[in-house]
Amino acid sequence: MVVKKEYKSIPSYLAEYSELINIGLICVNKLLHDAVKSNKTYNSSYIAQAVKWAIKDELRTKYNWYGVKQAQQKSEDEAGSVKEIAGGNIETEEISDELATERVFETILSFEDFPVEPVLTEQMSNDELAKLELRELQAAIKRAIVKLPPKHKKVMELRFYEGKRGNDVASELGVTPSRISHMIQDAIEKIRQTLSTEGFC
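Just add 282 to the spot in the sequence shown (first one is 1) and you have the numbering used here.
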């Protein structure tokens, strides 16, 4: 019942009915495993709520990544306007790639903290491992941002933590939008280098 209700309330592109059933089964399996291990008992309403939470958590993750993919077209549209501002001296494909990279950073940094339960790596599902890796990547990016030069750090904080658009950041700092774009790309390159030394690239 819970799965059917959740399935009716979501856009069709997010998940198939069978996927939601699998998420529900995995959740119930974990609860049963936990119940046997620690002699707990769960009533049906708690199990239903746990399944609902598991589905919503999975859909939130999928929705964020779907948003990155859908942003590609928007990035290409924005690339055209950025090219006009820059006087047409920049390749549209290059701008589009830069905007797509920014979208990925936005998505990773916008994830809420995932709950961490003490569990062995061998016992984790692929989804749990992926979430753990994403969490580690998010933490590594935040550490790398802290190490940036002050001006770059300020730009990254305004752009990705406060969610301001490039033009708004430019107005606030009294520089041109193209300067902000260059600073963001420079900062991202520095972050990539830091991540590379930590084994992420």
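All residues carry an ideal CB built from backbone N, CA and C; glycine is no exception.
Endpoints, the alpha helix (DSSP H) within which residue i is located
i      : result
Glu480 : Element bounds for Glu480: n/a, residue is neither H nor E.
Pro432 : 432–438
Residue i - DSSP class collapsed to helix/strand/coil
i      : result
Tyr324 : coil
Val364 : Note on Val364: pLDDT 47, under 50, position unreliable in the model; no value is reported.
Arg447 : coil
Asp468 : helix
Ser300 : helix
Gly306 : helix
Lys319 : helix
Lys429 : coil
Asp395 : Any answer about Asp395 is weak, because its pLDDT of 47 lies below 50 and its placement is not dependable; what the coordinates show is given next. DSSP places Asp395 in coil when its eight states are reduced to three.
Val333 : helix
Expected contact under 8 Å - CB spacing of residue i and residue j to nearest Å
i      : j      : result
Leu313 : Ala330 : Wrong, their Cβ atoms sit about 11 Å apart, outside the cutoff.
Glu384 : Ala422 : Contact flag wrong, Cβ pair sits at about 18 Å.
Ile303 : Glu340 : Their Cβ separation, rounded to whole angstroms, is 12 Å, which puts Ile303 and Glu340 out of contact at 8 Å.
Lys472 : Leu414 : That pair is no contact at about 25 Å.
Check: residue i C-beta below 7 Å from any heavy atom of the ligand GDP
i      : result
Gly481 : In the structure on display, the ligand GDP does not appear, and there are no ligands present to speak of.
Nearest to residue i (by Cα), restricted to the options the options
i      : options                        : result
Ala469 : Lys424, Val457, Ile337         : Lys424
Lys433 : Arg461, Lys338, Glu298, Cys309 : Arg461
His464 : Met438, Tyr324, Lys338         : Met438
Pro459 : Phe442, Ser327, Gly448         : Gly448
Glu301 : Lys322, Ala426, Lys338, Gln467 : Lys338
- Message: Three Cβ pairs or more, each shorter than 8 Å: is that satisfied between the region 467–479 and the region 448–459?
- Response: no
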